[in-house]
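Going letter by letter, the sequence shown gives residues 1 to 148 in full-length UniProt numbering.
Beta carbons: idealized from backbone N, C-alpha and C, even for Gly.
Report on the structure given below.
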Amino acid sequence: MLNVYLSGEIHTDWREQIIEGSEGLDVSFNSPVTDHAASDDCGVAILGAEDNKFWHDRKGAQMNAIRTRKGIEDADVVVVRFGDQYKQWNAAFDAGYAAALGKSLIILHGPDHAHALKEVDAAALAVASEPAQVVQILRYVLTGKLPG
1 MLNVYLSGEI HTDWREQIIE GSEGLDVSFN SPVTDHAASD DCGVAILGAE
51 DNKFWHDRKG AQMNAIRTRK GIEDADVVVV RFGDQYKQWN AAFDAGYAAA
101 LGKSLIILHG PDHAHALKEV DAAALAVASE PAQVVQILRY VLTGKLPG
């Protein structure tokens, strides 16, 4: 079984496309919490309210880091998606963490980010522009079969 961690952008259905496209493959998927409000508020919901937004966000970030670290450390392959709409500093951090751990890293982004992500792309074993390409990579890794 291949354990794949899906990190990055949470505003589109790219994760679902990869999971659905991988049906029949021996793959297990994990990801961060993609409910934006739950992810932002998990720290104060569990550990108590904060008057200062900085500490509110810090509690959430630290709790999310527990899940993210575990997911990346347990993964055989880490896929990091950079979307078009937002600056995803957390995605870049996840890619760097995965690279530092020597994880097989697949970066997923459109052509508009090619220059901005050139260093991140250079650390990856593959750079894809569509979720279907990630599925094809996973299929090839597991079966040795090419698309078509």
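Is it buried or exposed for residue i, if we count other Cβ within 10 angstroms and need 16 for buried?
i: Thr-34; result: exposed
i: Ala-124; result: buried
i: Leu-138; result: buried
i: Ile-107; result: buried
i: Trp-14; result: buried
i: Ala-62; result: In the sequence under discussion, the amino acid at residue 62 is Gln, which differs from the Ala named in the question. With fewer than 16 Cβ atoms within 10 Å of its Cβ, Gln-62 is classed as exposed.
i: Leu-101; result: exposed
i: Arg-81; result: buried
i: Gly-43; result: buried
i: Leu-105; result: buried
i: residue 150; result: No answer is possible for residue 150: the residues shown for the chain start at 1 and end at 148.
Could you tell me whether the Cβ atoms of residue i and residue j are closer together than 8 Å?
i: Lys-118; j: Val-78; result: no
i: Asp-94; j: Ile-72; result: yes
i: Gly-60; j: Asp-40; result: yes
i: Ala-122; j: Gly-8; result: no
Go through its chain and collect everything with a Cβ distance to residue i's Cβ below 7 Å, but skip five positions before and after it.
i: Gln-85; result: His-11
i: His-36; result: Ile-10
i: Val-135; result: Ile-18, Gly-21 and Ser-22
i: Leu-47; result: Lys-59
i: Gly-110; result: Asp-84 and Ser-129
i: Gly-148; result: none
Who are the Cβ neighbours of residue i in its own chain at under 8 Å, not counting the five residues just before and after it?
i: Asp-74; result: Asn-3, Tyr-5 and Asn-30
i: Met-1; result: Asp-26, Val-27 and Ser-28
i: Ala-132; result: Gln-17 and Gly-21
i: Pro-32; result: Ser-7, Ile-10, Ser-39, Asn-64, Arg-67, Thr-68 and Gly-71
i: Gly-96; result: Val-120 and Ala-123
Who are the near neighbours of residue i in its chain, counting only those whose CB is closer than 6 Å to its CB and skipping five residues on each side?
i: Ala-126; result: Ile-106 and Ile-137
Original post:
At what residue ranges does the region 2-74 contain a whole run of the alpha helix (DSSP H), taking only runs of 4 or more?
Top reply: 14-21, 36-47 and 53-74
Original post:
With contact counted as at least three CB pairs below 8 Å, one residue from each stretch, are the region 53-60 and the region 106-123 in contact?
Top reply: no
Subject >> Segment contact flag, the region 138-148 with the region 9-25, C-beta cutoff 8 Å, min 3 pairs >> reply: yes
Subject >> Unbroken stretches of the alpha helix (DSSP H), 4 residues or longer, contained in the region 93-118 >> reply: none
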